[in-house]
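Visitor:
Number of protein chains: 2
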Amino acid sequence: MPENKTRQNRHASVKQSILKTAMALIIDKGIAKLSLREIARKAGYSPASLYEYFEGKDEIIAQLSAEAFDRLSIYLSQPPTNIPPDKRLIEIGMAYVKFARENPEHYDLVFNRLPSKRSTASEEINAASPYIIVRQAVVEAIESGSIVMSRGYDLEAITYSLWSLAHGMATLQNTHLSQFEADFDKVNRSAFETFIKGLGT
Amino acid sequence: MPENKTRQNRHASVKQSILKTAMALIIDKGIAKLSLREIARKAGYSPASLYEYFEGKDEIIAQLSAEAFDRLSIYLSQPPTNIPPDKRLIEIGMAYVKFARENPEHYDLVFNRLPSKRSTASEEINAASPYIIVRQAVVEAIESGSIVMSRGYDLEAITYSLWSLAHGMATLQNTHLSQFEADFDKVNRSAFETFIKGLGT
DNA sequence: GATAAAATCCGAACACTGTTCGGAAAAGTG
DNA sequence: CACTTTTCCGAACAGTGTTCGGATTTTATC
Numbered sequence: 008m009p010e011n012k013t014r015q016n017r018h019a020s021v022k023q024s025i026l027k028t029a030m031a032l033i034i035d036k037g038i039a040k041l042s043l044r045e046i047a048r049k050a051g052y053s054p055a056s057l058y059e060y061f062e063g064k065d066e067i068i069a070q071l072s073a074e075a076f077d078r079l080s081i082y083l084s085q086p087p088t089n090i091p092p093d094k095r096l097i098e099i100g101m102a103y104v105k106f107a108r109e110n111p112e113h114y115d116l117v118f119n120r121l122p123s124k125r126s127t128a129s130e131e132i133n134a135a136s137p138y139i140i141v142r143q144a145v146v147e148a149i150e151s152g153s154i155v156m157s158r159g160y161d162l163e164a165i166t167y168s169l170w171s172l173a174h175g176m177a178t179l180q181n182t183h184l185s186q187f188e189a190d191f192d193k194v195n196r197s198a199f200e201t202f203i204k205g206l207g208t
Numbered sequence: 008m009p010e011n012k013t014r015q016n017r018h019a020s021v022k023q024s025i026l027k028t029a030m031a032l033i034i035d036k037g038i039a040k041l042s043l044r045e046i047a048r049k050a051g052y053s054p055a056s057l058y059e060y061f062e063g064k065d066e067i068i069a070q071l072s073a074e075a076f077d078r079l080s081i082y083l084s085q086p087p088t089n090i091p092p093d094k095r096l097i098e099i100g101m102a103y104v105k106f107a108r109e110n111p112e113h114y115d116l117v118f119n120r121l122p123s124k125r126s127t128a129s130e131e132i133n134a135a136s137p138y139i140i141v142r143q144a145v146v147e148a149i150e151s152g153s154i155v156m157s158r159g160y161d162l163e164a165i166t167y168s169l170w171s172l173a174h175g176m177a178t179l180q181n182t183h184l185s186q187f188e189a190d191f192d193k194v195n196r197s198a199f200e201t202f203i204k205g206l207g208t
C-alpha cells in the first residue's frame with residue numbers, strides 16, 4: 008500500500024510543476040496575458056487536465072500568490088537580530104522594498120492579485136505574517152527606548168505606518184516610477200530614518 | 008460648414024456616454040469583469056461600433072484612468088492655502104487617502120491600470136501633476152522653516168517620501184486592510200505628523 | 001434638390017479564453 | 001485476475017476582443 012506516499016507525492020509534484028510553468032509564463036509575458044490553455048500547453052497537458060489539480064485559473068494564481076508570500080517572509084527575515092532595534096527596523100523596511108524590486112511579479116501577486124473571495128481566518132493569520140515580523144521589530148525598538156508610543160498612536164498604529172511607508176515606496180517604484188533612474192535605496196533609507204526620528208522622544 | 012462643431016461635438020459626446028457606461032459597469036461589477044461587449048450592450052451599440060470611438064478596450068480604460076487622475080487632482084487641491092504649510096502638507100496627504108477610500112475604483116484606475124505602453128512625455132507631465140501639487144506644498148513648508156532638507160535628502164526625496172507614505176496607506180486600506188474597522192483617519196494623521204516631525208530641525 | 005463623400009453602424013466571422021462533461025486509458029488495490 | 005480510483009483528454013459551450021465588408025445615415029458640394 009505505497010499509495011500513501013507515491014500517489015500523493017506524484018500529485019503534489021505535478022501540481023508544483025504546473026505552478027512553475029505558470030510562474031515562468033507570468034514572468035516573461037505578464038500576468039495580464041496569463042492563460043490557462045497556454046499553461047497547459049507548456050506543461051504538456053490538455054486544458055481539462057489542469058482541473059484535476061486545481062479548481063481553475065483563479066486557484067493557480069492564488070497558489071502562486073501564497074508562494075510569493077513565503078518568499079517575502081524570507082526577505083523580511085534576513086536582517087540580523089544582533090543590531091540595534093531601530094537600525095533593524097530600517098533594514099526590514101529596506102528588505103521589503105528590495106523584495107518588490109527584485110521580484111516585481113511576485114510582489115504584484117502578493118498585493119494586487121489577492122483572491123477576491125474572502126480569505127479564511129487561518130489564511131488571514133498567515134497573510135499577516137510579514138505584519139507580525141514588522142510588529143515584533145517595533146516591539147523591540149520600543150523596549151529599547153529607540154522609539155516611543157504616544158496616546159492614540161500605539162504599537163499597531165506605528166507598525167501600520169511603517170508598513171505603509173515601505174509599501175508605498177515599493178509600489179511606486181514598481182509602477183509609476185519604474186522608468187526613473189534615481190538612487191532609490193539612499194532616499195528610501197533617509198525616509199525610514201526620518202520617520203524613526205519622528206518616533207523618537 | 009457646421010461640421011467643425013456639430014460633428015465633433017456629437018462624436019465627443021457619444022464617446023463620453025460610452026465612458027460613462029463603462030465606469031458604471033466597473034463600479035458595480037468590478038474592473039476584472041469589465042467586457043467590451045457588455046459596455047456596447049448597455050450603451051446601445053454593437054461591439055464593432057465602439058471601435059469608431061476607441062482603438063479598443065485598452066483605450067477605454069486608459070481614458071477612464073485619465074479622468075480618474077483629474078478627480079484626484081481636485082481632491083488634492085481642496086486643502087486651503089491659508090493654513091501653516093506643515094499643516095497643509097498633512098491635509099494634502101489626508102486628501103490623497105480620502106480620494107482612495109471614497110473612490111476605490113478610480114484609485115485603482117489611476118495606479119494599477121496604467122497603460123502598459125509607455126506613456127508619452129506630455130502624458131508623463133500630466134501624470135506628475137499630483138506630484139507637483141505635493142512638491143509645491145513641500146517647497147512652502149521648507150521656506151517657512153517647518154521642515155528642513157539635509158544633504159542627500161532634498162526636495163524631490165522628501166516629496167517622494169510623503170507621496171509613498173500616503174500611497175501606501177491608501178493602497179493597504181483599499182486592499183489588505185479593507186475589512187478592518189479601525190479609525191484610520193486618526194492613525195494616518197499621526198503618521199503624517201510623525202514624519203513631518205522627523206523632518207523638523 | 002441631386003450627387004458625391006464622409007461618418008456611422010452592424011452582422012458575421014476569427015481566434016482566442018475559462019470551464020464542464022463523458023468517457024477512455026492507466027495505475028493502484030483486493 | 002477483477003475492481004476501484006486516478007489521470008487524462010476530445011469535444012462542446014458560452015463568453016471574450018478584434019477585424020472586415022458592406023449597408024445606412026449624415027454632411028458637404030455642386
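Top line first, the protein sequences correspond to chains A and B. Each number in my numbering corresponds to the 1-based position in the first sequence with 7 added. Each number in my numbering corresponds to the 1-based position in the second sequence with 7 added. Think of the CB as a built atom: it goes at the ideal place given N, C-alpha and C, for glycine as much as any other residue.
For the region 84–96 of chain A, enumerate the residues whose C-beta is nearer than 7 Å to any C-beta of chain B, in chain order.
Guide: Answer set for the region 84–96 of chain A: empty.
Visitor: Between residue 100 of chain A and residue 199 of chain A, which are expected to be in contact by the criterion C-beta below 8 Å, what is the C-beta distance as a whole number of angstroms?
Guide: Indexing the first sequence from 1 puts residue 100 of chain A at position 93. Indexing the first sequence from 1 puts residue 199 of chain A at position 192. Yes, residue 100 of chain A and residue 199 of chain A are in contact; Cβ-Cβ is about 5 Å, under 8 Å.
Visitor: Mind the definition here: the region 140–153 of chain B touches the region 80–99 of chain B only if three or more C-beta pairs lie below 8 Å; say whether that holds.
Guide: yes
Visitor: Check each residue of the region 37–58 of chain B: if its Cβ is closer than 7 Å to any Cβ of chain A, include it; give the result in chain order.
Guide: none
Visitor: Identify every residue that forms a DSSP beta bridge with residue 160 of chain A.
Guide: As a first step, residue 160 of chain A must be located in the first sequence, where it is residue number 153. Paired residues: A/157.
Visitor: Taking the CB atoms as reference points, tell me whether residue 26 of chain B and residue 57 of chain B lie closer together than 8 Å.
Guide: If you number the second sequence from 1, residue 26 of chain B lands on position 19. If you number the second sequence from 1, residue 57 of chain B lands on position 50. For residue 26 of chain B and residue 57 of chain B, no; Cβs fall outside 8 Å.
Visitor: Does residue 74 of chain A come out as helix, strand or coil in the three-state DSSP assignment?
Guide: Mapped onto the first sequence, residue 74 of chain A falls at position 67. Here residue 74 of chain A sits in helix by DSSP.
Visitor: Which stretch, first to last residue, makes up the alpha helix (DSSP H) that contains residue 6 of chain B?
Guide: The shown model of chain B, from 8 to 208, leaves out residue 6 of chain B, and the question about it has no answer.
Visitor: Going by beta carbon distance, what residues of the same chain come within less than 6 Å of residue 92 of chain B, once the five residues before and after it are set aside?
Guide: Looking up residue 92 of chain B in the second sequence gives position 85. Closer than 6 Å at Cβ, skipping near neighbours: 147, 148, 151 and 153.
Visitor: Compute the distance between the beta-carbons of residue 28 of chain A and residue 55 of chain A, then report whether it is under 8 Å.
Guide: Looking up residue 28 of chain A in the first sequence gives position 21. Looking up residue 55 of chain A in the first sequence gives position 48. Cβ distance not < 8 Å, so residue 28 of chain A and residue 55 of chain A don't count as in contact.
Visitor: When the Cβ atoms of the region 188–204 of chain B are set against those of the region 179–187 of chain A, are three or more pairs found closer than 8 Å?
Guide: no
Visitor: Would residue 194 of chain A pass as a contact of residue 169 of chain A if the rule is Cβ separation under 8 Å?
Guide: Taking the first residue of the first sequence as position 1, residue 194 of chain A is located at position 187. Taking the first residue of the first sequence as position 1, residue 169 of chain A is located at position 162. Not closer than 8 Å, so no.
Visitor: From the beta carbon of residue 174 of chain B, is the nearest beta carbon of chain A less than 8 Å away?
Guide: Numbered from its first residue, the second sequence carries residue 174 of chain B at position 167. True, the Cβ-Cβ gap to chain A drops below 8 Å.
Visitor: Under 8 Å between C-beta atoms, does residue 206 of chain B make it to chain A?
Guide: Counted from its first residue, the second sequence places residue 206 of chain B at position 199. Yes, its Cβ sits closer than 8 Å to a Cβ of chain A.
Visitor: For residue 129 of chain B, which residues in the same chain have their Cβ closer than 6 Å to its Cβ, ignoring the five residues on either side in sequence?
Guide: What you label residue 129 of chain B is simply residue 122 of the second sequence in a count that begins at 1. Confidence at residue 129 of chain B is low in this model, with a pLDDT of 48, below 50, so the placement of that residue should be treated as unreliable; the coordinate-derived value is given next. Correct list: empty, nothing qualifies.
Visitor: Determine the contact status of residue 231 of chain A and residue 173 of chain B, defining contact as a CB-CB distance below 8 Å.
Guide: No answer is possible for residue 231 of chain A: it lies beyond the span of chain A, which begins at 8 and ends at 208.
Visitor: Counting only beta-carbon atoms, is residue 193 of chain A nearer than 8 Å to chain B?
Guide: In the first sequence, counting from the first residue as 1, residue 193 of chain A sits at position 186. Yes - at least one Cβ of chain B is within 8 Å of the one on residue 193 of chain A.
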